[in-house]
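Colleague: In the working numbering, the protein residues as written are 238 to 514.
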């Protein structure tokens, strides 16, 4: 076995694909990172890509799948972990809708970004946010709240979408947005953020996303389509009608599989993240 050429165990587990850190802001939540090797040799703050997991909480798998891109592009990858069962032992979905029983998951993510910026040499002013499935739900709702923090957003196959529509109740639309979140929806700022959407062409199963009576259902969720392909297309159409520039990739031969759309995500990330190598 080769001995790592580092001075301490602490240093070893803080480089490459790191261990998992409990968030100082709320230690129920944690995050992992991939820190590219260029971090040791450059004075340039590294760009940041945040990948938000979905219902299955496969944060480590997404982090590891993007490690090679992190090294090649010179960006840090941060993957939050919001465990299931927070506040309700049976709950799987609460982070997707941003606010739950006094927890603001958008603010928890921003606290993790700030902490990572204190630990490592990262440009945390603006970052790329990507999420698939439940992560895609979180990502587009985060965009509505914090467009000024994003250099881009990649929204993957959300099962439930929130249209920018003040006549639809939250979370089908944005009625009551300011009253709920304490800030208005700033459409002009949202228009400045490059938006990418991705879904598999075969992502057509409906059993998980048409479930009346479950905690993550609202009547009318199927009004914009019954499949994820139909719903993300409706979201794209809503954005473009409001002057938001969107690239939608419908990936042939892929079902509901986040790893299957990552090549499209990488191509988008190449465009919006500066390269540091």
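Beta carbons: idealized from backbone N, C-alpha and C, even for Gly.
It should be emphasised that the depicted structure is a prediction, and the values quoted were computed from it without experimental measurement.
1. By DSSP's criteria, residue 336 is part of a beta bridge. Which residues make up the other side?
2. Around the Cβ of residue 490, are there at least 16 other Cβ atoms within 10 angstroms (buried) or fewer (exposed)?
3. With contact counted as at least three CB pairs below 8 Å, one residue from each stretch, are the region 464 to 475 and the region 397 to 404 in contact?
4. Which runs of the beta strand (DSSP E) at least 3 residues long sit entirely within the region 470 to 499? Give them in chain order.
5. Using CA atoms only, rank isn't needed, just tell me which of 416, 367, 371 is closest to residue 433.
6. Could you tell me how far apart the beta carbons of residue 333 and residue 375 are, in whole angstroms, since I believe they sit closer than 8 Å?
7. Taking the runs of the beta strand (DSSP E) that are 3 residues or longer, which of them lie wholly in the region 251 to 335?
8. Quick check on the burial criterion: 16 or more other C-beta atoms within 10 angstroms. Buried or exposed for residue 293?
9. Which word fits residue 338, buried or exposed, when buried means at least 16 other C-beta atoms lie within 10 angstroms of its C-beta?
10. Are the beta-carbon atoms belonging to residue 389 and residue 509 less than 8 Å from one another?
11. Quick one, which of 280, 297, 277 has its alpha-carbon nearest residue 254's?
12. Identify, in the order they occur along the chain, each residue of the same chain with its Cβ nearer than 7 Å to the Cβ of residue 242, setting aside the five sequence neighbours on each side.
13. Assign residue 362 to buried or exposed, taking buried as 16 or more other Cβ atoms, counted over all protein chains shown, within 10 Å of its Cβ.
14. So what does DSSP say about residue 359, is it helix, strand or coil?
15. Out of 311, 266, 299, point me to the one whose CA is closest to residue 280's CA.
16. Taking the straight line between their C-alpha atoms, what separation do you get for residue 377 and residue 323?
17. In its own chain, which residues sit with a C-beta less than 6 Å from the C-beta of residue 461, not counting the 5 before and 5 after it?
18. What three-state label does DSSP hand residue 396 in the structure shown?
19. With DSSP as the reference, label residue 433 as helix, strand or coil.
20. Please confirm if the region 491 to 498 is in contact with the region 436 to 450, defined as three or more CB-CB distances below 8 Å between the two stretches.
21. Could you give the first and the last residue of the continuous beta strand (DSSP E) run that contains residue 365?
22. Between residue 240 and residue 386, what straight-line distance do the alpha-carbon atoms span, to the nearest angstrom?
23. Any idea if residue 479 is buried or exposed, counting beta-carbon neighbours within 10 angstroms, 16 or more meaning buried?
24. Can you tell me the Cβ-Cβ gap for residue 348 and residue 260, rounded? I've got them flagged as a contact below 8 Å.
25. Judging by CA-CA distance, which residue of 452, 308, 365, 273 is the nearest neighbour of residue 357?
26. Which of the three DSSP states is assigned to residue 509 in this structure?
27. Tell whether a beta-carbon distance below 8 Å holds between residue 335 and residue 382.
28. So, at 6 Å on beta carbons, what are the nonlocal neighbours of residue 505 in its own chain, with the 5 sequence-adjacent residues on each side left out?
Modeller: Result, derived from the coordinates:
1. In the DSSP output, where bridge partners are listed per residue, residue 336 has 341.
2. exposed
3. yes
4. List check, beta strand (DSSP E) in window: 483 to 488.
5. 367
6. 5 Å
7. 267 to 272, 285 to 289, 313 to 318
8. exposed
9. Exposed.
10. yes
11. Cα-wise, what sits closest to residue 254 is 297.
12. Bear in mind that the predicted position of residue 242 carries a pLDDT of just 46, short of 50, making it unreliable; the figure below should be weighed with that in mind. Contacts found: none.
13. exposed
14. strand
15. 311
16. 22 Å
17. 468, 471
18. Looking at residue 396 - three-state DSSP - the assignment turns out to be coil, as it is neither helix nor strand.
19. Residue 433 carries a strand assignment under DSSP once its states are collapsed to helix, strand and coil.
20. Short answer: they touch.
21. 364 to 369
22. Reliability of the predicted coordinates at residue 240 is poor, the pLDDT of 48 falling under 50, and the value obtained from them is presented with this limitation in mind. One C-alpha to the other measures close to 40 Å.
23. Burial call: exposed.
24. That belief holds up - the Cβ atoms of residue 348 and residue 260 are roughly 6 Å apart, short of 8 Å.
25. When 452, 308, 365, 273 are compared, the shortest CA-CA separation from residue 357 is found for 273.
26. Residue 509 carries a helical assignment under DSSP once its states are collapsed to helix, strand and coil.
27. Yes.
28. 391, 433
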